[in-house]
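Q: Residue numbers (full-length UniProt numbering), protein chains in the order written: chain B, 1 to 470; chain V, 1 to 470; chain C, 1 to 470; chain H, 1 to 470.
In this text, a Cβ means the ideal position worked out from N, Cα and C, and glycines have one as well.
If you're wondering where the values come from, they're calculated on a predicted model, not measured in any experiment.
Dumping the structure here so I can ask a few things about it.
There are 4 protein chains.
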Amino acid sequence: MLAEIKGLNEECGVFGIWGHPEAAQITYYGLHSLQHRGQEGTGIVVTDGDKLKGVKGEGLVTEVFSQDAIQELKGTSAIGHVRYATAGGGGYENVQPLLFQSQNGGLALCHNGNLTNATALKYQLEAQGSIFQTSSDTEVLAHLIKRGGVSSHKERVKNALSMVKGAYAFLIMTENEMMVAVDPNGLRPLSLGKIGDAYVIASETCAFDIVGAEFVRDVLPGELLVIDDNGFRSEMFAMASNISMCAMEYVYFSRPDSNINGINVHTARKNLGKQLAVEVPIEADVVTGVPDSSISVAIGYAEATGIPYEMGLIKNKYVGRTFIQPSQSLREQGVKMKLSPVRGVVEGKRVVMVDDSIVRGTTSRRIVTMLKEAGATEVHVIISSPPIKNPCFYGIDTSTKEELIASDRSVEDIREIIGADTLTFLSPKGMIDAIGREEEGETRGLCLACFTGKYPTEIYPSTLHPYEKV
Amino acid sequence: MLAEIKGLNEECGVFGIWGHPEAAQITYYGLHSLQHRGQEGTGIVVTDGDKLKGVKGEGLVTEVFSQDAIQELKGTSAIGHVRYATAGGGGYENVQPLLFQSQNGGLALCHNGNLTNATALKYQLEAQGSIFQTSSDTEVLAHLIKRGGVSSHKERVKNALSMVKGAYAFLIMTENEMMVAVDPNGLRPLSLGKIGDAYVIASETCAFDIVGAEFVRDVLPGELLVIDDNGFRSEMFAMASNISMCAMEYVYFSRPDSNINGINVHTARKNLGKQLAVEVPIEADVVTGVPDSSISVAIGYAEATGIPYEMGLIKNKYVGRTFIQPSQSLREQGVKMKLSPVRGVVEGKRVVMVDDSIVRGTTSRRIVTMLKEAGATEVHVIISSPPIKNPCFYGIDTSTKEELIASDRSVEDIREIIGADTLTFLSPKGMIDAIGREEEGETRGLCLACFTGKYPTEIYPSTLHPYEKV
Amino acid sequence: MLAEIKGLNEECGVFGIWGHPEAAQITYYGLHSLQHRGQEGTGIVVTDGDKLKGVKGEGLVTEVFSQDAIQELKGTSAIGHVRYATAGGGGYENVQPLLFQSQNGGLALCHNGNLTNATALKYQLEAQGSIFQTSSDTEVLAHLIKRGGVSSHKERVKNALSMVKGAYAFLIMTENEMMVAVDPNGLRPLSLGKIGDAYVIASETCAFDIVGAEFVRDVLPGELLVIDDNGFRSEMFAMASNISMCAMEYVYFSRPDSNINGINVHTARKNLGKQLAVEVPIEADVVTGVPDSSISVAIGYAEATGIPYEMGLIKNKYVGRTFIQPSQSLREQGVKMKLSPVRGVVEGKRVVMVDDSIVRGTTSRRIVTMLKEAGATEVHVIISSPPIKNPCFYGIDTSTKEELIASDRSVEDIREIIGADTLTFLSPKGMIDAIGREEEGETRGLCLACFTGKYPTEIYPSTLHPYEKV
Amino acid sequence: MLAEIKGLNEECGVFGIWGHPEAAQITYYGLHSLQHRGQEGTGIVVTDGDKLKGVKGEGLVTEVFSQDAIQELKGTSAIGHVRYATAGGGGYENVQPLLFQSQNGGLALCHNGNLTNATALKYQLEAQGSIFQTSSDTEVLAHLIKRGGVSSHKERVKNALSMVKGAYAFLIMTENEMMVAVDPNGLRPLSLGKIGDAYVIASETCAFDIVGAEFVRDVLPGELLVIDDNGFRSEMFAMASNISMCAMEYVYFSRPDSNINGINVHTARKNLGKQLAVEVPIEADVVTGVPDSSISVAIGYAEATGIPYEMGLIKNKYVGRTFIQPSQSLREQGVKMKLSPVRGVVEGKRVVMVDDSIVRGTTSRRIVTMLKEAGATEVHVIISSPPIKNPCFYGIDTSTKEELIASDRSVEDIREIIGADTLTFLSPKGMIDAIGREEEGETRGLCLACFTGKYPTEIYPSTLHPYEKV
């Protein structure tokens, strides 16, 4: 549903736990806390040491899992997934974790990210007789593992990982062990925690707080963790190189209470707001942020400038898949779905409206209009990231340049389109500094590809057009 | 679900529209914006000038109404309701609007509030042969109207209203007109708006903003509005007296983007925060508010004191009726459902935690513990209202004194129970001034009964024990 | 769904049990065995001695009651109902038992039949201020009971029964007793049985066999049974007069394994077939019956004539509310829904097709066509009842004369319309003799009103047009 | 649900249509008429010439397919399946048709029967890296086809068929053609029909009657039909050998209105009854059959002996997946679920009870007891097939000898266990003659393996224990 507001969607969140009597239920709460990373499908697979068993479905965590379903998932270890449906298309089949049963045992996988060479690999595998159940890139890894020959399971996983490219945080589970891997560029976050003797893995640390787990450390780029009843062992399946954590994780995707590589997201955003105050001095009466991601930024901006922060925009809640969309005529009459302006706050005021990014521009235009109709005399839009000029191939739903308003327009053109009095984007350097990482680097680099076009991994023709037949 | 967090629940929100081709769908959006006022049941009744027709069910607006259901509700006028289930018990039957068909036509009613003499009236009506379909106090008014003899419908409504006591905002609809009434003390909010030529009525003005309606004016205490295809006519069915708008509407219930009697709720809350800054000077590192109602207060407090506002607590979303409750063992392990602390923000800090009220104290204790476990070195709790010492009989779910932690305990005792380093409540006078109304008064009084025990209407023995047989 | 096949629908089956620890579940099985009497709604109300509690819904018994729902219905006594929706219209509200809660306790009612003066009574009651929750005639009795003044509950029930006219088999339950009543003409069947110390009541004795109950006796016309923890007591609330059991109960409605007033339905039907053999000698190769009601008749006819009985028509099963209706074009292509011919049996044969009645004639025409298309060289239709010329006002859905093909047409005209080679109806006398009752009489009369127009009770203008306002 | 009654379950029915604008809806009706062959899951896949698309689910045809779902299945050709869940286990994944998408197009398969070498083939395929999505033997064929190398699709299908053994009737569909194949022994029925220019395929001819199709001919053992927009072409993929149509198709599985290889099932059953009359002369008062499969037999027996046929047992309808099972205590009290005796028919009578087979004996014992409790003075059980002594490996759910009461017991022992006064099985020769086929033969042989232990195909160790790992 965020699609409409933002046009920016990530494809996944993952959660896993090894060695806890209530593994499925803890995974349920973990996934619930990661719901913002994907609302279109979710699943859990458990192992009881003997057999893998799963439940999955389209919809929210609270829609897919009933009390009965969770109780049926007896087992002491589990992996789970929430998903946004773009990559590979929708449908029950594509909901993860994918679960493959064979006469030698089961294999369950889920992942966050996007493989850039999935189409090419799939083509080769099908030519060799592989049948794919899904249109998901995740399944490619399963086939690579299965075709890995006579070596040990771990070797086969490592060999398979050596063939895939792109951004990924994988959880792979058999009856007896869980494997965890992050791509060598570290494009997607993944952290390790502990509840008593049980290990937990999650895309964001907020999941640890929800389930009462203690943070241990982040999973490293190129690292393969093997977790079983003896604890966990680490080895590198590839050299980490050109570390590039997705900048938009800080700016937009992650929950404010998560820490990514040791940096708290709310704090990073507040710093973005303070940096904006430095870069963009505006005379105004109130500062307001577009909920939820820009509230922290707006508060930082208000604190730094002294302009009072006000709740000028309210997000409507309880919006799920079954929400009835207004007809065109109602939309024209001003029926609002996601956001409404607080007239009592903005009327007669010069408003600074803080947002995290502009993708297609339609949402920004709608919000500016809304604020003006509610009586704002001026609306100054400030954006806590640079203009997005390039598509992301690492799991964020901005697949083509054509959709990106900034790909071929000046800031002034965009300002005019969205109807703001002024429009300012944060500078790349300001963003990097505020977050507290580096543009590139061995340990603290950021992926800025959507702003700069500089992709940290190979990109293939089939990545550019993933749904066409090669 | 708020029950667990707060122990404070109101019973209803109402919405009505007269004279619009998409009446049902607009009511759907209106109710959706009032969802915070009641999440346990909802219904819509429409009239097409010839017949009343309704759909209702237990659950959220998005759960109860399907696209098909809304399309079936053809008609140009509608009333709708969202409800919290306490008063009168749960069950499909009690979901409003109540719809009564007779050979002379239909009658639909819904209301927000609570009648203090419902039990006595019901007893008398049953003795005369009335059969009640529901355990709701709303139905009492329907019987009084029906038994009103040969006078006109409007006279019968007025006579019926003259017999009920307590707090109410009623919507009453027949095939040809809608009647709207607020109790003579004005205990519950109700406002009139317009979309083109159509009139809309809502418990809160936020509903107007969502559906693109223009605010016209508040419905007055003791006023009966009759709306039909000729417009609206107003008359007083009772003298307004001792105006007493529920103070908790400002402090807790209403959405920040609503205006109640001309006062914006977010602004009122921010003023409560500023007033707290005057009354409670604290040395601390960060200010945080319990979402959602105390965010505005905390921002006001931060602005006035200069202590930075931080997002120290996050509310988990997507929680609906189907959310699986954690087992006792998981609860003890620290699994959180509604709120989680932001470790990166509170760790090592002296925290001011702002909340709107303390009912049973269990939630406050849980939050204080959560913050300390997340590393807060001190937790100073400040409350934006005085201690709640008395039950409410006007539609808020605090039915017995025994449940109220403040009914017989000192502030110091409560502080110890909740484990805070300091605890301060706002003074009654501070609250009144910050909101900008008066303790009593002809036009701008507040009901402070839950704080002071001074009830603006008669209270009967059967009001005190509404569920026992007389 | 039978509506389409036959155009004859009855409105109800009732089941009750007093004094059994698994009252709700037994009622579930009892209602399931009565499902053929009504498939559009069903409900169960239980009492645990302290409170009445119910579950009801639209659909089949297996659709409405989940395991959980039945387990929630704790109590030792119960009444239940299956319903066909015509009288009083559809909708959840009209599903029975109706349950009325008051401060003096609850009252649950359900009934099979139709009150001929319901509209007039309702009009009077509404004029006195009664509010009706439903459009069902059953509710009229509830209001009459409630308005019965200060006398005992039993006296009020008897007084109320003295005011209603028509056909009925009522079950009335309070927390502490169940009352059972049949109209003075005995138009609808109702029997008393026993399981251990528990008493059971059912519209048909097949329900006793299903739940392992022993048949005790039929409830008498004009009898009021009061059942409570002390057993049952009988008294007459009215003199039985002009006993008139509905003939169509034998011919069409009841299950073949039920006994009505001591006569087994299958046996009665077989006798109808033998009587047809006497009245209608036909030269043919095979006899076939329209399932299910005419199978027994066809077997009797075959046995008496020596023409072999064959399964020439098959009924498709598993047809429920969710069955997708074929489009007009598919219908024209010959897609069949309810019945299909057995080509291997009828091809090249002269077929006697036995059916129980002809209402509108459309079904008969369809079946005759079907048989001919499957290769039957001749189709001789014999009907095990006389032509239906008059509407039924006692609970069978043939409300207007216009719908009845036989109301103004000769047998020859009907034959031509349905396309049969010959068409013969059973004579009234033959039907009476075969069933083994009498046309009129103190104890064994039959209601033949739909054939003869001679109604055993008063009929009012409002009975004729029940849905118009008086 | 028949499992409990009979202990005999077949796994499937298939239906296909090529070249009709309402392909999905016709398939819906076709599957509905085959519902008796499998009630646990069903699916439909359509092609619009460009893409395969499917809907499937667990439950009945009327439960799985909504109107909307069928309308979404736009396309001019379709295959569908109903399934009984035993072979390969339950679960959504195993519901057929299986649908595999690849970059070269889609492949959909469904089948009726059982492959005896599936486990061995699967083991080999997995060793080569194949990943199986299901535990169904059907998927093995898909992998064999996909791995078939560079030859044409038809060649790959033929090669794949040359590797599988056992009993099967396969439907295989791509975007552009449908392939249809029956095993060389012809163990499972499959027929070809026509609606206008469209071809239809069905497990039983009753499906043709329902959808208004004309019978063309049976699909031959070893035949591969290729159907596309140019019509159909036939070729043999294997020499037909040792033709062995499953005898139980006539005795139990098929609908009476179907013809199998030109023999009407109702007629065959009636002949079985007549043959029983020759083999088993009994002095009795009434003949009754266990519904539904033994009704025809009982009628034949009655006709031949002159003992009147009566409806002594009634089957309860409307039983679906959601039917609540009676508790043990209710079962002991005599609550009946599937069948009830007709007391009015059997009381005081010597009853011949006809059934089609005895598997575990529990059902027979229950029915005999039921009849005696209802007053039958003698119960003579006659069975229209010989004793089942051996498991079936061709798709009928009698997997182990241990379950079969007749595997190691004399007829007298079985009689004593089921409590009958006499018990007689039909002789093998009598059964063969009555059906009108031969024990073995080039064109009209019957598979009698379950009676004789003489299996027409190879049986492997893994066939005997299909669920153990090899």
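Kindly indicate the opening and closing residues of the alpha helix (DSSP H) around C/Cys-110.
A: Here residue 110 of chain C is taken as the residue at index 110 of the third sequence, counted from 1. Unbroken run through C/Cys-110 is the beta strand (DSSP E), 105–115; no alpha helix (DSSP H).
Q: For V/Lys-349 and chain B, any beta-carbon pair shorter than 8 Å?
A: Counting from one through the second sequence, the residue named residue 349 of chain V turns up at place 349. No, no contact with chain B.
Q: What residues in its chain sit with their C-beta under 6 Å from that of H/Thr-205, if we drop five residues either side in the sequence?
A: Sequence index remark: in the fourth sequence, residue 205 of chain H carries index 205 (1-based). Around H/Thr-205: Ser-191, Phe-215, Ser-258, Asn-259.
Q: Could you check which residue in C/Gln-67, C/Ala-304, C/Ala-108 has the C-alpha nearest to that of C/Val-14?
A: Here residue 14 of chain C corresponds to residue number 14 of the third sequence, with the count starting at 1. Minimum Cα distance to C/Val-14 is reached at C/Ala-108.
Q: In whole angstroms, give me the CA-to-CA distance for C/Ala-298 and V/Gln-67.
A: Residue 298 of chain C sits at position 298 when you count from the first residue of the third sequence. Residue 67 of chain V sits at position 67 when you count from the first residue of the second sequence. Near 49 Å, if we compare the C-alpha coordinates of V/Gln-67 and C/Ala-298.
Q: Fully enclosed by the stretch 116–168 of chain C, which alpha helix (DSSP H) runs are 4 residues long or longer?
A: 118–127, 138–146, 153–161, all fully within the stretch 116–168 of chain C.
Q: Assuming C/Val-354 contacts C/Ser-410 (C-beta within less than 8 Å), just tell me the rounded distance between them.
A: As a working note, residue 354 of chain C is residue 354 in the third sequence. As a working note, residue 410 of chain C is residue 410 in the third sequence. At roughly 21 Å, the Cβ-Cβ gap does not stay under 8 Å, so C/Val-354 and C/Ser-410 are not in contact.
Q: Verify whether the separation of the beta carbon atoms of H/Tyr-84 and H/Cys-246 is less than 8 Å.
A: To locate residue 84 of chain H, count along the fourth sequence from 1; it is residue 84. To locate residue 246 of chain H, count along the fourth sequence from 1; it is residue 246. Not in contact: H/Tyr-84 and H/Cys-246 (Cβ atoms no closer than 8 Å).
Q: Does B/Leu-330 get closer than 8 Å to chain V when you measure Cβ to Cβ?
A: Taking the first sequence and counting its residues from 1, the one referred to as residue 330 of chain B is at position 330. It does; some Cβ of chain V falls within 8 Å.
Q: Considering only residues of the same chain and omitting the five flanking positions on each side of B/Ile-263, which have a CB-CB separation below 8 Å?
A: As a position in the first sequence, residue 263 of chain B is number 263, starting the count at 1. Taken in chain order, the residues that qualify are Tyr-250, Ile-435, Gly-436, Arg-437.
Q: Quick one: residues in its chain with C-beta nearer than 8 Å to the C-beta of H/Gln-128, no 5 flanking neighbours on either side, listed in chain order?
A: Counted from its first residue, the fourth sequence places residue 128 of chain H at position 128. Excluding sequence neighbours, H/Gln-128 sits near Arg-147.
Q: List the residues of chain B whose Cβ lies closer than 8 Å to the Cβ of V/Ser-77, in chain order.
A: The residue you call residue 77 of chain V lines up with position 77 of the second sequence. Ordered by position in chain B, no residue passes the 8 Å Cβ test against V/Ser-77, which lies about 16 Å from the chain.
Q: In chain order, what residues of the same chain have a beta carbon less than 6 Å from the beta carbon of H/Thr-422, not counting five sequence neighbours either side?
A: Taking the fourth sequence and counting its residues from 1, the one referred to as residue 422 of chain H is at position 422. Hits under 6 Å: His-380.
Q: Determine whether the beta carbon atoms of B/Val-286 and V/His-266 lie at a separation below 8 Å.
A: Against the first sequence, residue 286 of chain B aligns to sequence position 286. Against the second sequence, residue 266 of chain V aligns to sequence position 266. No, these two residues do not count as a Cβ contact at 8 Å.
Q: With which residues is C/Lys-315 paired in a DSSP beta bridge?
A: For the purposes of this step, residue 315 of chain C is taken as residue 315 along the third sequence, with counting starting at 1. DSSP output for C/Lys-315 lists C/Leu-339 as bridge partner(s).
Q: Considering only C-alpha positions, which residue in the set H/Thr-138, H/Ser-152, H/Ile-418, H/Ala-78 is nearest to H/Glu-93?
A: Translated into the one-based positions of the fourth sequence, residue 93 of chain H becomes position 93. Residue H/Thr-138 is the option with its Cα nearest to H/Glu-93.
Q: Which residues in chain C have a C-beta closer than 8 Å to the C-beta of V/Ala-24? List them in chain order.
A: In the second sequence, residue 24 of chain V corresponds to position 24, counting from 1. None at all; the shortest Cβ gap to chain C is about 18 Å.
Q: Using a Cβ-Cβ cut-off of 8 Å, state whether B/Ser-136 counts as contacting chain H.
A: Numbered from 1 along the first sequence, position 136 holds the residue referred to as residue 136 of chain B. Not one chain H Cβ lies under 8 Å of B/Ser-136.
Q: Going along the chain, which residues of its own chain have a beta-carbon closer than 8 Å to the beta-carbon of V/Glu-279, five neighbours each way excluded?
A: Residue numbering aside, residue 279 of chain V sits at position 279 when the second sequence is read from its first letter. Excluding sequence neighbours, V/Glu-279 sits near Thr-424, Leu-426, Ser-427, Gly-430.
Q: Quick one: grab the DSSP three-state call for H/Thr-27.
A: The residue labelled residue 27 of chain H in the question sits at position 27 within the fourth sequence. Correct three-state label for H/Thr-27: helix.
Q: Taking only three categories from DSSP, how would you classify C/Arg-233?
A: Here the question's residue 233 of chain C lines up with position 233 in the third sequence. Correct three-state label for C/Arg-233: strand.
Q: With 9 Å as the C-beta to C-beta threshold (strictly closer), list the residues of the stretch 171–193 of chain C near chain H in chain order.
A: Result list empty, no residue passes.
Q: Counting only C-beta atoms, is V/Met-311 closer than 8 Å to chain B at any point?
A: Locating residue 311 of chain V in the second sequence gives position 311, where the first residue counts as 1. V/Met-311 counts as touching chain B.
Q: With a threshold of 8 Å between beta carbons, is B/Ala-142 in contact with chain H?
A: Reading the first sequence from its first residue, position 142 is the one you call residue 142 of chain B. Interface residue, yes.
Q: Listing by chain order, which chain V residues have their CB less than 8 Å from the CB of C/Ser-102?
A: As a first step, residue 102 of chain C must be located in the third sequence, where it is residue number 102. Neighbours of C/Ser-102 on chain V, chain order: Glu-126, Ile-131, Phe-132.
Q: Consider the Cβ of H/Lys-158: report whether some Cβ of chain B lies at a distance smaller than 8 Å.
A: Residue mapping note: residue 158 of chain H aligns to position 158 of the fourth sequence, counting from 1. By this cut-off, H/Lys-158 is not an interface position.
Q: Which parts of the stretch 198–261 of chain C are runs of the alpha helix (DSSP H), unbroken and 4 residues or longer, counting only runs that do not cross its ends?
A: Qualifying alpha helix (DSSP H) stretches, in chain order: 206–211.
Q: Considering only C-alpha positions, which residue in the set H/Phe-100, H/Gly-80, H/Thr-134 is nearest to H/Cys-110?
A: By one-based count along the fourth sequence, residue 110 of chain H stands at place 110. Cα-wise, what sits closest to H/Cys-110 is H/Gly-80.
Q: For V/Arg-147, decide whether its Cβ has a neighbour in chain C, counting only Cβ atoms nearer than 8 Å.
A: Within the second sequence, the letter at position 147 stands for residue 147 of chain V. Chain C contact via Cβ: present.
Q: Taking 8 Å as the CB-CB cut-off, is B/Ala-87 touching chain H?
A: Here residue 87 of chain B refers to the residue found at position 87 of the first sequence. A caution first: B/Ala-87 carries a pLDDT of 48, below 50, which makes its placement in the model unreliable, though a value can still be read off. No, no contact with chain H.
Q: Taking only three categories from DSSP, how would you classify C/His-32?
A: Numbered from 1 along the third sequence, position 32 holds the residue referred to as residue 32 of chain C. Reduced to three states, the DSSP call for C/His-32 is helix.
Q: With 16 other CB atoms within 10 Å as the buried threshold, where does V/Glu-310 fall?
A: Within the second sequence, residue 310 of chain V is the residue found at index 310, counting from 1. Buried, by the Cβ-count rule.
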